[in-house]
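K.L.:
Here the sequence shown is numbered in the working numbering, starting from 378 and rising by one per residue. All C-beta atoms, glycine included, are put in the ideal place defined by N, C-alpha and C.
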Amino acid sequence: MITKIKGTYDILPSETRKWQELEEVIFQVSRLYNFKEIRTPIFEASELFHRSVGETTDIVKKETYDFSDRGNRLVTLRPEGTASVVRSVIENKLFADPNQPQKLYYVGPMFRYERPQKGRQRQFHQFGAEALGSYSPAVDAEMIAYAITLLKALRIPKVTVKINSLGDQESKEAYRAELVKYLEPKISELCSDCQSRFQVNPLRVLDCKIDKDSPILVAAPKPLDSLSPLAKIHFQGVLDRLQAMGVDYVIDKSLVRGLDYYTHTVFELEADLPTLGAQATIGGGGRYNDLVKNLDGPDYPAVGFAFGMERILLALDSIDNPSKPDYIHAFLIVLGQRSQAKAAEVMMRLRHGGLIVDTDFFGRPLKAQFKQAQRQNAMYILIMGDDEIEKDVVNVKNAKTGVQETIKSADLYQYIVQGIQSQSHSCNGQCESCADEC
Ligand code: HAM
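(1) When you compare the segment 460-470 with the segment 524-535, are there three or more beta-carbon pairs, one atom per stretch, that lie closer than 8 Å?
(2) With a CB to CB cut of under 7 Å and the five nearest residues on each side skipped, what residues in its chain are close to L650?
(3) Can you grab the Cα-Cα spacing for the pair E519 / G623, in whole Å?
(4) Can the beta-carbon of Q746 be found less than 8 Å from the beta-carbon of D735?
(5) Thinking just about the alpha-carbon of each residue, which of G635, M756 and G740 is nearest to the one in D435?
(6) Unbroken beta strand (DSSP E) runs of length 3 or more, entirely within the segment 426-480: which are they?
(7) Any chance the CB of Q498 is under 7 Å from a heavy atom of the ligand HAM?
(8) Any heavy atom of the ligand HAM inside 7 Å of the beta-carbon of T778?
(9) Taking a contact to mean a Cβ-Cβ separation below 8 Å, would you say M756 touches I797 in this structure?
(10) Counting only runs of 4+ residues fully inside the segment 602-661, write out the alpha helix (DSSP H) ranges in chain order.
(11) Please report the distance separating the alpha-carbon of E561 from that of P598.
(12) Secondary structure at T526, three-state DSSP: helix, strand or coil?
(13) Is G431 near the ligand HAM, in the sense that its beta carbon is under 7 Å from a heavy atom of that ligand?
(14) If you count every other CB in all the chains shown that lies within 10 Å of the CB of I382, and 16 or more means buried, which is it?
(15) Pick from D625, A596, S631 and V680: whose alpha carbon is nearest that of V669?
(16) What I want to know is whether the C-beta of Y410 ends up closer than 7 Å to one or more non-hydrogen atoms of the ligand HAM.
(17) Could you compute how far the alpha carbon of I689 sits from the alpha carbon of A683?
(18) Assuming the contact rule is C-beta atoms closer than 8 Å, P493 and G384 should be a hit. Round their C-beta distance to whole Å, please.
(19) Please state whether the Cβ-Cβ distance between V463 and S429 is less than 8 Å.
(20) Report yes if the C-beta distance between P579 and L543 is below 8 Å; otherwise report no.
(21) Can you tell me the Cα-Cα spacing of D387 and S565, whole angstroms?
(22) Taking 7 Å as the cut-off, is the beta-carbon of F501 closer than that to any non-hydrogen atom of the ligand HAM?
(23) Whole-angstrom Cβ separation of E421 and T459, contact assumed at under 8 Å?
(24) Within the same chain, show all residues whose beta-carbon is closer than 6 Å to that of G674, passing over the 5 residues directly before and after it, in chain order.
(25) Is the beta carbon of A683 within less than 7 Å of some heavy atom of the ligand HAM?
(26) Taking buried to mean at least 16 other C-beta atoms within 10 Å of its own C-beta, is H611 buried or exposed?
(27) Which class does Q751 belong to by DSSP, given the choice of helix, strand or coil?
(28) Please find out if some non-hydrogen atom of the ligand HAM comes closer than 7 Å to the beta-carbon of T658.
(29) Would Y512 pass as a contact of R499 if the rule is Cβ separation under 8 Å?
(30) Pair every Cβ in the segment 441-457 with every Cβ in the segment 472-484, then say whether three or more of these pairs are closer than 8 Å.
(31) Looking at the unbroken alpha helix (DSSP H) that takes in F504, where does it start and where does it end?
(32) With a threshold of 7 Å on Cβ separation, who are the neighbours of A515 within its own chain once the five nearest residues in sequence on each side are excluded?
(33) With H, G and I counted as helix, E and B as strand and the rest as coil, what does DSSP make of P486?
(34) Would you kindly work out how many angstroms separate the C-alpha atoms of E722 and E765, rounded to a whole number?
(35) Which residue marks the beginning of the alpha helix (DSSP H) containing G685, and which one marks its end?
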């Protein structure tokens, strides 16, 4: 038997509904903030991720799925969405669109060769959003509010927004100098990974998975202490707007994030829920004012975030979150050979009218067909045998009330539609049919 690749998993039909419900909320909230969807390829030139996420990050050094294709091009399965969005914005000149800022979101699979565990897969899904074109701190605050609105819409509690600032280039250079001065005499006490990171990109020492809690790193200088005057004003602008919007936050001076492209604001969303296990960080993001320029585009600032969708679904497992019950409008029980063709015609007619209809495809006995109708949560059970064909009628049973009536074939559609509209079935207003009526 061929089995799935380690770190991947199937989303089976019993699970897809909750994914669709999550996607539905993502689309609705994105619409509220007036973001438009962008879809980019799941593989890109490897160079794109090396130059954006950063050569010295764990993601690029240890986690990318790289291969050369049959034309000997080096390609990488995307480990995240920001680099692809930026590549697309440059290639398609969206920076020149009169509609600015460009407000884009995406939903899709990402690939990282990590050690799989609960909430951490090698193929996982992100919902991400990027706002490109504006330097204003109002956009940073807007992105955090957008992320929080999604969690509110999903009723996920116990969320903390952790926020920090790395500042502009000037601040980052000043901080780097401070960090090097501090780490130089102590670096031999840290792991070999830290020592090689120190040589190339000292900031990356701070997110070493082995030594991140060591007293040396805990006491290290913080980026906030090296902010330039302009960077301080920007950060204060973000905080003021968050406060005005009623978004609570905690300043985490040690937060640096694991990707190289950030400038100014960085943030993470943590949920304190038992079902998340060790993976409490459900999302993160920040500003990246230099990335577009560094990828050969114009000077074009940006800010964004991404959520892990598996982690959002794990968080939802902590709350009482009844999924809308699955149902169909009608199940057609067919008895006898002669009824088959007529049944196909009836089903076609009902479906063209927008009704969800299914039938038996095994020639099961009557009782087994009733069972199947129940399994599918059919609101109406339609019974057609040779007798009914002869009289051009259908026996219709209302699954909830048990009332059975004989209806003329020509009146069937109208009868079911009226019945659906008038009856409150077992969904308590939760199913799509009821929601549509509201
Ligand atoms: P990130 O922090 O690397 O940021 O990933 C965002 C979220 O994706 C994480 O908070 C986590 O929930 C989820 N995630 C990451 N790796 C895995 C995994 N192996 N399994 C399951 N979930 C995972 C980014 O990717 C940036 N592109 C975010 C961003 C957008 N910054 C600016 N714009």
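P.N.:
Concretely, from the data shown:
(1) The answer is no - the segment 524-535 does not touch the segment 460-470, with fewer than three Cβ pairs under 8 Å.
(2) Here the question's residue 650 lines up with position 273 in the sequence shown. Excluding sequence positions up to five before and after L650, its CB lies within less than 7 Å of the CB of K535, A692 and S695, all in the same chain and listed in chain order.
(3) To locate residue 519, count along the sequence shown from 1; it is residue 142. To locate residue 623, count along the sequence shown from 1; it is residue 246. Rounded to the nearest angstrom, the two C-alpha atoms are 12 Å apart.
(4) Taking the sequence shown and counting its residues from 1, the one referred to as residue 746 is at position 369. Taking the sequence shown and counting its residues from 1, the one referred to as residue 735 is at position 358. Result no, Cβ atoms of Q746 and D735 do not sit closer than 8 Å.
(5) Within the sequence shown, the letter at position 58 stands for residue 435. Nearest option by C-alpha distance: G635.
(6) 442-445 and 451-454
(7) Start at 1 with the first residue of the sequence shown, and residue 498 comes out as number 121. Answer for Q498: yes, Cβ within range of the ligand HAM.
(8) For the purposes of this step, residue 778 is identified with residue 401 of the sequence shown, where counting begins at 1. No.
(9) Position 379 of the sequence shown, counted from the first residue, corresponds to residue 756. Position 420 of the sequence shown, counted from the first residue, corresponds to residue 797. Yes; because the gap between Cβ atoms is below 8 Å, this pair is in contact.
(10) Runs of the alpha helix (DSSP H) inside the segment 602-661: 606-621.
(11) Counting from one through the sequence shown, the residue named residue 561 turns up at place 184. Counting from one through the sequence shown, the residue named residue 598 turns up at place 221. So the alpha carbons of these two residues sit roughly 13 Å apart.
(12) By 1-based counting over the sequence shown, the position of residue 526 is 149. In the structure shown, T526 sits in a helix (DSSP, three-state: H, G or I).
(13) The residue labelled residue 431 in the question sits at position 54 within the sequence shown. G431 Cβ: outside cutoff for every heavy atom of the ligand HAM.
(14) Position 5 of the sequence shown, counted from the start, is the residue given in the question as residue 382. Residue environment for I382: exposed (fewer than 16 other C-beta atoms within 10 angstroms of its C-beta).
(15) As a first step, residue 669 must be located in the sequence shown, where it is residue number 292. Here the closest residue by C-alpha is V680.
(16) To locate residue 410, count along the sequence shown from 1; it is residue 33. No; taking the cut-off as 7 Å, the Cβ of Y410 has no heavy atom of the ligand HAM nearer than that.
(17) Here the question's residue 689 lines up with position 312 in the sequence shown. Here the question's residue 683 lines up with position 306 in the sequence shown. Using only the alpha carbons, I get a separation of about 11 Å.
(18) Reading the sequence shown from its first residue, position 116 is the one you call residue 493. Reading the sequence shown from its first residue, position 7 is the one you call residue 384. About 4 Å; that satisfies the 8 Å criterion.
(19) By one-based count along the sequence shown, residue 463 stands at place 86. By one-based count along the sequence shown, residue 429 stands at place 52. For V463 and S429, yes; Cβs fall inside 8 Å.
(20) Counted from its first residue, the sequence shown places residue 579 at position 202. Counted from its first residue, the sequence shown places residue 543 at position 166. Against a cut-off of 8 Å, the Cβ pair of L543 and P579 comes out as no contact.
(21) On the sequence shown, residue 387 is found 10 positions in, with the first residue counted as 1. On the sequence shown, residue 565 is found 188 positions in, with the first residue counted as 1. One C-alpha to the other measures close to 45 Å.
(22) Locating residue 501 in the sequence shown gives position 124, where the first residue counts as 1. Within 7 Å of the C-beta of F501 there is at least one heavy atom belonging to the ligand HAM.
(23) Numbered from its first residue, the sequence shown carries residue 421 at position 44. Numbered from its first residue, the sequence shown carries residue 459 at position 82. Contact doesn't hold; Cβ gap of about 12 Å is too wide.
(24) Counted from its first residue, the sequence shown places residue 674 at position 297. Once the five neighbours on either side are set aside, the close Cβ partners of G674 are I467.
(25) Indexing the sequence shown from 1 puts residue 683 at position 306. Within the cutoff, so yes.
(26) Start at 1 with the first residue of the sequence shown, and residue 611 comes out as number 234. Buried, since its Cβ has 16 or more Cβ neighbours within 10 Å.
(27) The residue labelled residue 751 in the question sits at position 374 within the sequence shown. The answer is helix: DSSP assigns Q751 an H, G or I state.
(28) As a working note, residue 658 is residue 281 in the sequence shown. Yes, the Cβ of T658 comes within 7 Å of a heavy atom of the ligand HAM.
(29) Mapped onto the sequence shown, residue 512 falls at position 135. Mapped onto the sequence shown, residue 499 falls at position 122. No.
(30) no
(31) Taking the first residue of the sequence shown as position 1, residue 504 is located at position 127. Counting along the chain, F504 falls outside any alpha helix (DSSP H), though it belongs to the beta strand (DSSP E) covering Q500 to L509.
(32) Along the sequence shown, read from residue 1 onward, the residue named residue 515 stands at position 138. These residues qualify, in order along the chain: R618.
(33) One-based indexing of the sequence shown puts residue 486 at position 109. P486 falls in the strand class under three-state DSSP.
(34) In the sequence shown, residue 722 corresponds to position 345, counting from 1. In the sequence shown, residue 765 corresponds to position 388, counting from 1. Distance between the alpha carbons of E722 and E765 is about 14 Å.
(35) The count along the sequence shown starts at 1 and reaches residue 685 at position 308. That residue, G685, is in no alpha helix (DSSP H); its beta strand (DSSP E) goes A679 to G685.
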